[in-house]
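J.:
Residue numbers (our numbering): 115 to 250.
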């Protein structure tokens, strides 16, 4: 298995929040896009603010919820991260970004069985997600 640092670095390649969210005001989407740019640049506190503002404008925004989950994971708040990813999977059971997040939370907790299950779930839905394969 990989080190915690390399796992967190791989998060920079996950999830593209640029997809418009139906039913949300249009001004939430640019905040999500900005949140991902900030996240990838390592500006985690600023990314948290951007995703939080998007969620304030549209609490059901899947991209913002996933983004906030990855921010929480990166900050070490595994409970908050897991809750965000579960919320997404309740609404969109096939969401590979949330499933990847569940796997990373389980891996960080040391629950390798749950992590492998989640990573297999990711690969079953999207076989191109090599980062999931690296954890198996």
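Note that beta-carbon positions come from the ideal geometry of N, C-alpha and C, so glycine has one too.
Using only alpha-carbon positions, find the residue among 143, 161, 163 and 239 that is nearest to residue 172.
T.: The count along the chain shown starts at 1 and reaches residue 172 at position 58. For residue 172, the nearest C-alpha among the options comes from 143.
J.: Do residue 218 and residue 229 have their CB atoms nearer than 9 Å?
T.: What you label residue 218 is simply residue 104 of the chain shown in a count that begins at 1. What you label residue 229 is simply residue 115 of the chain shown in a count that begins at 1. Yes.
J.: Which residues in the same chain as residue 201 place their Cβ atom closer than 7 Å to its Cβ, once the five residues preceding and following it in sequence are excluded?
T.: Within the chain shown, the letter at position 87 stands for residue 201. Excluding sequence neighbours, residue 201 sits near 179.
J.: So what's residue 132 in DSSP terms, helix, strand or just coil?
T.: For this step, residue 132 is matched to residue 18 along the chain shown. Because residue 132 sits at a pLDDT of 46, beneath the cut-off of 50, its placement in the model cannot be relied upon, and the point is left open.
J.: Is residue 158 closer than 9 Å to residue 189 when the C-beta atoms are compared?
T.: Counting from one through the chain shown, the residue named residue 189 turns up at place 75. Counting from one through the chain shown, the residue named residue 158 turns up at place 44. Contact flag set, yes.
J.: Report yes if the CB atom of residue 232 is closer than 9 Å to the CB atom of residue 220, and no otherwise.
T.: What you label residue 232 is simply residue 118 of the chain shown in a count that begins at 1. What you label residue 220 is simply residue 106 of the chain shown in a count that begins at 1. Yes, they are a contact pair.
J.: Can you tell me whether DSSP reads residue 241 as helix, strand or coil?
T.: Mapped onto the chain shown, residue 241 falls at position 127. If DSSP states are grouped into helix, strand and coil, residue 241 belongs with coil.
J.: Using 10 angstroms around the beta-carbon of residue 152, count the other beta-carbons present and answer buried if the total reaches 16, otherwise exposed.
T.: Position 38 of the chain shown holds residue 152. Buried, since its Cβ has 16 or more Cβ neighbours within 10 Å.
J.: Measure the alpha-carbon distance for residue 168 versus residue 235 and round it to whole angstroms.
T.: For the purposes of this step, residue 168 is taken as the residue at position 54 of the chain shown. For the purposes of this step, residue 235 is taken as the residue at position 121 of the chain shown. About 28 Å.
J.: Can you have a look at residue 148 and say buried or exposed, based on whether 16 or more other CB atoms are within 10 angstroms of its CB?
T.: For the purposes of this step, residue 148 is taken as residue 34 along the chain shown, with counting starting at 1. When all chains shown are included, residue 148 counts as buried.
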